[in-house]
Each structure stands twice: as structure tokens, then as C-alpha cells.
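Asks: Quick note: the sequence shown, position 125, residue 125 per UniProt numbering, numbers continuous. Using N, Cα and C, we set each Cβ at its ideal position, and we do this for glycine too.
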Amino acid sequence: MTTSPARRIRIVVGKPGLDGHDRGAKIVARALRDAGHEVVYTGLHQTPEQIVETAIQEDADLIGLSVLSGAHMTLFRRLVELLAERDASDIVIFGGGIIPEEDIPVLEELGVAKVFTPGATTGEISGWVAEHFAEESSERSD
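What follows is the structure in C-alpha cells.
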């Protein structure tokens, strides 16, 4: 019995806003790529609109945001709104950065699937993606 290989999970990694520190986002993008996922890194200073447009064009399964500027509530909320407006709420949002612990439950209520705080390893992030989305990507390839 042969099985067709599962379609790789597609992830857009975005760096929204004015924050110019993208080393962490690039490290996460590379780790996700090394774990076998298709990754598109949007680069610095992207608007939520640009990130959503890229995710839709790339048929992404997930969007990962890196936010260090303190604008995480506004940026994540806008991303959720834009995905809903574009009938693309099936794209899962996760993120990380300098995000206070007390804001994490609020972000989760908005629809953010997972928030990684400073100190999270690339193995934790790629492991979370594999654990929660491997089955979904094989279902999409059927």
C-alpha cells in the first residue's frame, strides 16, 4: 500500500509595524523551513494588510507574527479582522515576541492559536506546528 506524501504545511512569517529587529523572526522562519515546512518570510515593516494578502496568495495554513514593538494587541486584532473580511479565517495565527503574560489570554480570545514568549526554543515552535497541523496538511492533500 502506497500513500501519497502529505502536502507540506505553508507558513507565512511576518514582521509587522515599525520594529526593525528581525533576527528572531528569521531564526524561527529558518527553523520551520528546516523542519520541512514551506515558509515565506515577508520582511520588515509589513502592514497587516500586506501579511494577509501574502498568506492568501501563498495559500498559507498559518501566519506567524513577530512583534517586539508593544503593538501586539492592535496588530493581532487587525490580522484576525482582515482574515475574517477576506473569508480566510481558516488560516491559523500564532506569534511571539515581547508580549506580557496578562495579554496572552486576551490574544487567545481574539483567535490567536499560540503565543510564544522570549526564551521559547525553535524546537518548541516547530514542535507545536508539527503536533497541531501535521494531520491538517495531510487532509488538505487528499
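Going by other Cβ atoms of all chains shown within 10 Å of its Cβ, with 16 needed for buried, is Ile125 buried or exposed?
Replies: As a working note, residue 125 is residue 125 in the sequence shown. Flag for Ile125 reads buried.
Asks: Are the CB atoms of Val129 and His45 within a distance shorter than 8 Å?
Replies: Start at 1 with the first residue of the sequence shown, and residue 45 comes out as number 45. Start at 1 with the first residue of the sequence shown, and residue 129 comes out as number 129. Not closer than 8 Å, so no.
Asks: When you compare only the Cα positions, how much space is there between Glu131 and Gly20?
Replies: As a working mapping, residue 131 is identified with position 131 in the sequence shown. As a working mapping, residue 20 is identified with position 20 in the sequence shown. Distance between the alpha carbons of Glu131 and Gly20 is about 31 Å.
Asks: Report yes if the CB atom of Leu79 is closer than 8 Å to the CB atom of Ile104, and no otherwise.
Replies: Counting from 1 along the sequence shown, the entry for residue 79 is found at position 79. Counting from 1 along the sequence shown, the entry for residue 104 is found at position 104. No, they are not a contact pair.
Asks: Under the assumption that Pro16 contacts Pro48 (Cβ atoms under 8 Å), give the Cβ distance between them as a whole number of angstroms.
Replies: The residue labelled residue 16 in the question sits at position 16 within the sequence shown. The residue labelled residue 48 in the question sits at position 48 within the sequence shown. Correct: roughly 6 Å between the Cβ atoms.
Asks: For the putative contact between Ser66 and Leu18, defined by C-beta atoms under 8 Å, what is the C-beta separation to the nearest angstrom?
Replies: Within the sequence shown, residue 66 is the residue found at index 66, counting from 1. Within the sequence shown, residue 18 is the residue found at index 18, counting from 1. In fact, because the Cβ distance is near 13 Å, the residues do not count as touching under 8 Å.
Asks: Please report the straight-line C-alpha distance between residue 214 and Thr54, rounded to a whole angstrom.
Replies: Since the displayed the chain opens at 1 and closes at 142, residue 214 lies outside it and no answer follows.
Asks: Here's the rule I'm using: 16 or more other beta-carbon atoms within 10 Å means buried, otherwise exposed. How should Ser4 be labelled?
Replies: Counted from its first residue, the sequence shown places residue 4 at position 4. Note that Ser4 has pLDDT 44, beneath the 50 cutoff, so the model's placement of it is unreliable and no number is given.
Asks: Around the Cβ of Asp61, are there at least 16 other Cβ atoms within 10 angstroms (buried) or fewer (exposed)?
Replies: One-based indexing of the sequence shown puts residue 61 at position 61. Buried, by the Cβ-count rule.
Asks: For Ala84, count the other beta carbons within 10 Å of its own beta carbon; 16 or more makes it buried, fewer makes it exposed. Which is it?
Replies: What you label residue 84 is simply residue 84 of the sequence shown in a count that begins at 1. By the 10 Å Cβ count, Ala84 comes out exposed.
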